[in-house]
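Here is the structure we will look at, set down as structure tokens.
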Amino acid sequence: DKVSPSVVGISCMTSSGTVTGTGIIMSEDGYIITNAHVVDGANTISVVLPSSYTDESSGSESETIAAELVGADSQTDLAVVKIDRTGLTAAEFGTSSEIRVGEVSIVIGNPLGFDLANSVTAGIISATDRTLTIEDRTMNLIQTDASINSGNSGGPLINAYGQVIGITSAKVSSTYGEGLGFAIPIDEAIPIVEDLIQYGYVTGRPTLGISGENVTDVYSQYYDIPKGFFVRSVEEGSAAEEAGIQVNDI
């Protein structure tokens with residue numbers, strides 16, 4: 197009852213079709229958290245509000261509103277979208293640092309699309325500090341045995357008090373298997389989300405400022421060059437440029 201009004205559907209039109217996911221209302225004026233992979237490559241983004249927001253006289257149909265992307269961070273798989281609407285019910289956020297293995301965990305979302313909108317699944321916290329690598333990204337995650345399927349992505353993992361303690365990521369769960377669900381801890385998500393709202397990107401993250409490729413053994417022998425990293429481009433104003441690194445350096 198407490199959290200369902202804060203859980204929305206996210207529908208994205210991409211060049212390869214429609215992608216659906218889940219979002220969490222974080223402010224009454226329309227800021228919504230979801231996963232970055234849900235909105236990745238989206239040409240248009242729509243938010244589907246639960247039926248509790250629609251006029252009762254018009255039936256219980258949900259309402260779809262156009263949304264704009266505020267910012268996304270693929271490294272943490274978090275994104276923020278915004279709809280032009282006020283008077284929304286913001287979710288209450290808990291703290292993920294205090295959760296205990298074995299406590300109740302509940303997931304609300306849209307598994308496999310909007311036909312099963314606002315499905316509630318439950319389980320326990322299986323582990324609080326899992327380090328997993330998904331597509332070259334290392335993530336620190338909460339593990340739960342609550343059912344998480346494609347479409348749950350970006351939805352809330354909540355505790356018995358109806359507080360959001362994590363943001364579910366089906367992309368992680370589907371990689372691993374049955375009964376293994378994963379969520380981004382809310383304590384780690386909030387600073388990222390606040391940066392995305394304020395700046396549109398995540399601040400304070402050091403970058404080298406070069407792109408290129410590793411020199412393999414075969415490449416090294418064939419061209420008689422040392423093994424290392426072959427620089428193809430140097431970003432303007434980057435630390436690498438200041439240090440004097442140039443294109444074609446190894």
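Residue numbering for the sequence shown follows the working numbering, beginning at 197 and increasing consecutively. C-beta: ideal position from N, C-alpha, C; glycine also.
Worksheet item: In angstroms, rounded to a whole number, what distance separates the CA positions of residue 264 and residue 341?
Response: Roughly 33 Å between the two C-alpha positions.
Discussion item. Less than 8 Å between the C-beta atoms of residue 323 and residue 303, yes or no?
Written reply: no
Practice prompt. Kindly indicate which three-state DSSP category residue 339 falls into: helix, strand or coil?
Written response: strand
Worksheet item: How close, in whole Å, do the beta carbons of residue 364 and residue 376 come, if the pair is a contact with beta carbons under 8 Å?
Response: At roughly 12 Å, the Cβ-Cβ gap does not stay under 8 Å, so residue 364 and residue 376 are not in contact.
Worksheet item: Using the rule of at least 16 other Cβ atoms within 10 Å of the residue's Cβ for burial, across every protein chain shown, is residue 413 buried or exposed?
Response: exposed
Discussion item. When you compare the CB positions of residue 453 and residue 274, do they come within less than 8 Å of one another, or not?
Written reply: Beyond the ends of the chain as shown, which are 197 and 446, falls residue 453; an answer cannot be given.
Discussion item. Our contact map puts residue 266 next to residue 396 with C-beta atoms below 8 Å; I'd like the distance itself, whole angstroms only.
Written reply: 7 Å
Worksheet item: Counting along the chain, where does the beta strand (DSSP E) carrying residue 325 start and finish?
Response: If you look at residue 325, you'll find it in the beta strand (DSSP E) that goes 315 to 330.
Worksheet item: With 16 other CB atoms within 10 Å as the buried threshold, where does residue 394 fall?
Response: exposed
Practice prompt. May I ask which residues mark the beginning and end of the alpha helix (DSSP H) holding residue 344?
Written response: Here residue 344 belongs to no alpha helix (DSSP H), and DSSP marks it neither H nor E.
Worksheet item: What is the rounded straight-line gap between the Cα of residue 348 and the Cα of residue 392?
Response: 22 Å
Discussion item. Going by the DSSP bridge assignment, what does residue 408 pair with across the sheet?
Written reply: 427
Item to complete: Per DSSP, which residues does residue 226 bridge with? Please list them.
Response: Bridge partners of residue 226: none, in fact.
Worksheet item: For residue 258, which three-state DSSP category applies?
Response: coil
Worksheet entry | Which listed residue (389, 223, 301) has its alpha carbon closest to that of residue 279 | 223
Practice prompt. Starting from the Cα of residue 427, find the closest Cα among 312, 410, 417, 325 and give me that residue.
Written response: 410
Discussion item. Using only the alpha-carbon positions, how far apart do residue 431 and residue 441 sit?
Written reply: 10 Å
Worksheet entry | Secondary structure of residue 280, DSSP reduced to three states | Residue 280: coil per DSSP, three-state reduction.
Practice prompt. My understanding is that residue 326 touches residue 378, with C-beta atoms under 8 Å, so please give their C-beta distance in whole angstroms.
Written response: 7 Å
Fill in: Helix, strand or coil at residue 212 [DSSP, three-state]
coil
Worksheet item: Among the residues of its own chain, which have a CB less than 7 Å from the CB of residue 449, if the five just before and after it don't count?
Response: Limits of the chain in this structure are 197 at one end and 446 at the other, which puts residue 449 out of reach.
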